[in-house]
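Here is the structure we will look at.
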Amino acid sequence: MDDMDHKKIFGYNGKILKVDLSREKIEFEEKNPGFYRTYLGGGLLGAYYVFNETPSGVDPLSKRNVIVFAPSIATGAAVAGASRFNVSAKSPLTNLIGDSQCGGDWGPKLKHAGFDAVVITGGALSPVYLWIDQGHAEIRDASHLWGKVTGEVKKLICEELGDDRIEIVQIGPGGENLVRFAGITGGLRHFAGRTGMGAVMGSKNLKAIAVRGKRSYDFSDEAGIKEKAKKAVMAFKESEGLQRFHKHGTASLVMVNKGLGNLVTRNFQFGDFEEAEELSSDKMIATNLKGTDTCWACPIGCKRVIEQGAPYPVEPQYGGPEFETLIMLGSNLGIGDLAVVSKASEICNKNTLDTISTGAMIGLAMECFEKGIITKKDTEGMPLSFGDGDAALKLLDMIINRRGIGDILADGPRRAISEWGEEVEALAVHTKNQPCPAHDPRVKQSQALMYAVNPFGADHMSSEHDWIVTGDGEEARALGITEFTTYESLDVTKVKGTMLSQYYYSLLDTLTLCAFPWGLGSIFNPRDIEEFVQALTGWQMTFWELMKAGERRVNLMRAFNAREGLKRDDDKLPPRLFEPISRGVSEGKKIDKAAFEDRLSEYYAMMNWDPESGNPSRGKLFELGLGWVLEE
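So for the sequence shown, my numbering puts the first residue at 23; every next one is plus one.
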């Protein structure tokens, strides 16, 4: 390994913290500048360590799995959206690569503590937490924290360490009980929700990672960083749209999607919900909204903070429901009571469950009960029906504690199909065992392709949605999109737009930049990313080189999945999405199966993947500097 002159590096520390919980061993690994320029951080850095340090075929809930917490070269700069970190491991939900992101302040604090990532292997014999303080780390007993919800744990750790400014990522009882879609919370209101990373922490008896960081590290061009920070602040002050976003948050999308016929309702049966206004941002503002919250250095403040009393009390320390939660725990369950949805959101937050997957599994159980596939014998005598908020809350408790039917639901759709019969397959809306989020690909056809091919299962943040290829905009041109099509189509133009925007959003996940200020059509543009990275590091990286990093991440994750046995047949959509939507302005819309298969083949061809297996070609791997994976 090349020696590093730490006086000449900018934007990163040059040090990775490695912890082996089985051997109670802590090491510091140094990487050279070339490594950082190639892997940058976030999901790409995480995928690198997961590929190299997780044995092929390993059980994701065994101690041999590795879990990686990785900010990036951008994390910690005082610029809107530069707050995030990535969590990577082999997923217990999909048995493939797992990848999830979280905002807040923990990522910047880790960088300020002197580390660019934390790589954890092995598993403790009893509950522990990791304490990282100013370049040092120690493993501490967490027996007294096990079984407690996140708010209690944060209070106890801060008291124990004598500092209430410590930033903590942790799991609740859902992660401890190995619910396969358990997430990880940072600061109680921010979540790495998807792919079951919380269950991986639970399998290692790792309750939390607490960080205190006060060190500073240099950027190459401080004036350039300040210029980007100023651009975000001025955009917020001058944009009515951003002001509305601050006031209404993502909850504003409820009524927007109702207008599109994209309001996921009753387990993806319908595209409209008669009580949508009861879940809207206006309803929230008029009833239980206490305030807003934000992430590191961000002027937007889009997060909701809820407070409400009996019969469904919610504490403001746990934040509040965002769009995905409002839909998946609301209209998806036929529930139009904002108080119930807010309570369900709080329970998920306290116990660290992914609200998307939780809502999907409860919705599946409700439809199975209504169709007679399961009965009261399966539900401890409790009837299930869409719209029954109290039943949803009881099912949620059963999932957290793996009690009764909750034990089946806690493992995701595939186990429900296995336990209840093949007829459930027609009702389970998932890809690779990860439930689909609240964006119906029958309305947004590009998402049909992305849900199917995304390395870690259905995800709505892994590519741009259909608008990017429906008009000749500068955002599209910046990515190399020069041909355009209609919103409703699923054609080769949309395949190209999906692929190129996938690289872009993969780049954002590598740089751990929030899509709200950095996404296409938002505050910053691709030229800003190039200038920002140059100001951070001093590297004269072009936007083309940065896009290659996004492409590298997608292909490295795909190579990991190929090693774990992924085939083309796994890149499929659930049967429900080939059925027409009922109700709403999108009534009758569906995905054409033959067209989808054609587009899948075209995507493979554009990606330079094998047409039969979907594996990245040797040429593609060598082009991206990933030839080393062929040696595995």
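Idealized CB from N, CA, C, for every residue including glycine.
Because the structure is a prediction, the values reported are computed rather than measured.
Using a Cβ-Cβ cut-off of 6 Å (strictly less than) and excluding sequence neighbours within five positions of residue i, which residues of its own chain qualify?
| i | result |
| --- | --- |
| phenylalanine 290 | Val451, Arg598 |
| isoleucine 247 | Ala99, Phe241, Ala557 |
| isoleucine 89 | Ala111, Ile142, Val222 |
| methionine 306 | Ala273 |
| glutamate 75 | Val88 |
| glutamate 402 | Gly426 |
| phenylalanine 32 | Asp240, Phe241, Ser242, Thr559, Gly560 |
Enumerate in chain order the residues of its own chain whose CB-to-CB distance from residue i is below 7 Å, with the five nearest sequence positions on each side excluded.
| i | result |
| --- | --- |
| aspartate 400 | Ile427 |
| arginine 640 | Leu652 |
| tyrosine 34 | Tyr58, Ile95, Asp138 |
| tryptophan 442 | Cys390, Ile395, Ile396 |
| lysine 372 | Val171, Thr172, Gly173, Gly194, Tyr340 |
| glutamate 655 | Nothing about residue 655 can be read from this structure; the chain reaches only from 23 to 654. |
| leucine 648 | Arg574, Asn577, Leu578, Ala581 |
| aspartate 592 | Lys454 |
| aspartate 433 | Arg202 |
| methionine 420 | Gly426, Ile427, Gly428 |
Who are residue i's beta bridge partners in DSSP?
| i | result |
| --- | --- |
| serine 110 | Val90, Asp121 |
| isoleucine 206 | Ala214 |
| aspartate 163 | Val150 |
| tryptophan 631 | Pro638 |
| glycine 493 | Bridge partners of glycine 493: none, in fact. |
| serine 604 | Phe292 |
| glutamine 330 | Val336 |
| aspartate 400 | Its beta-bridge partners do not exist; DSSP assigns none. |
| lysine 37 | Glu52 |
| histidine 158 | Asp155 |
| proline 457 | His452 |
Got a sec? Which residues, its chain only, sit under 8 Å from residue i by beta carbon, not counting five neighbours each side?
| i | result |
| --- | --- |
| alanine 584 | Ser635, Gly636, Asn637, Pro638 |
| leucine 512 | Gln467, Ser468, Ala470, Leu471, Ile613, Asp614, Ala617, Phe618, Arg621 |
| proline 459 | Glu346, Met350, Ile378, Ala480, Asp481, His482 |
| glutamine 156 | Ala135, Gly136, Arg234, Gly235, Lys236, Arg237 |
| aspartate 27 | Interpretation of aspartate 27 is limited by its pLDDT of 42, a score under 50 that renders its predicted location unreliable; no figure is taken from the coordinates. |
Assuming residue i is part of the beta strand (DSSP E), what are its boundary residues?
| i | result |
| --- | --- |
| glutamine 192 | 189–192 |
| tyrosine 151 | 150–155 |
| alanine 139 | 139–143 |
| glutamate 49 | 47–52 |
| aspartate 315 | 311–315 |
| leucine 228 | 228–234 |
With a threshold of 16 other CB atoms inside 10 Å of the CB of residue i, please say whether the residue is buried or exposed.
| i | result |
| --- | --- |
| aspartate 531 | buried |
| glutamine 524 | buried |
| glycine 342 | buried |
| serine 78 | exposed |
| arginine 575 | buried |
| leucine 406 | buried |
| lysine 177 | exposed |
| phenylalanine 565 | buried |
| glutamine 123 | buried |
| histidine 270 | buried |
| phenylalanine 644 | exposed |
| glutamate 368 | buried |
| proline 333 | exposed |
| valine 101 | buried |
| leucine 147 | exposed |
| arginine 499 | exposed |
| alanine 438 | buried |
Output the boundary residues of the alpha helix (DSSP H) element that contains residue i.
| i | result |
| --- | --- |
| valine 175 | 172–183 |
| tryptophan 566 | 565–585 |
| glycine 246 | 244–260 |
| aspartate 419 | 411–422 |
| lysine 518 | 514–532 |
| aspartate 550 | 548–559 |
| valine 276 | 275–282 |
| threonine 60 | 55–61 |
| glutamate 655 | Look at the range of the chain in this structure, 23 to 654, and you will see that residue 655 is not part of it. |
| alanine 450 | Alanine 450 -> no alpha helix (DSSP H), and no H or E assigned at all. |
| alanine 100 | Note, alanine 100: premise wrong, no alpha helix (DSSP H); not H, not E. |
Quiz item: How do the region 601–608 and the region 549–558 stand: do at least 3 beta-carbon pairs fall below 8 Å, yes or no?
Solution: no
Quiz item: Does the region 111–123 touch the region 207–223, meaning 3 or more C-beta pairs lie closer than 8 Å?
Solution: yes
Quiz item: Is the region 349–364 close to the region 188–198, with three or more CB pairs under 8 Å?
Solution: no
Quiz item: Any chance the region 295–310 sits against the region 258–276, with 3 or more Cβ pairs inside 8 Å?
Solution: yes
Self-check item: Cβ pair count under 8 Å reaching 3, the region 407–420 against the region 490–505
Solution: no
Exercise. Decide if the region 313–325 is in contact with the region 248–268; the criterion is three or more beta carbon pairs, one per stretch, under 8 Å apart.
Key: yes
Quiz item: With contact counted as at least three CB pairs below 8 Å, one residue from each stretch, are the region 531–540 and the region 62–70 in contact?
Solution: yes
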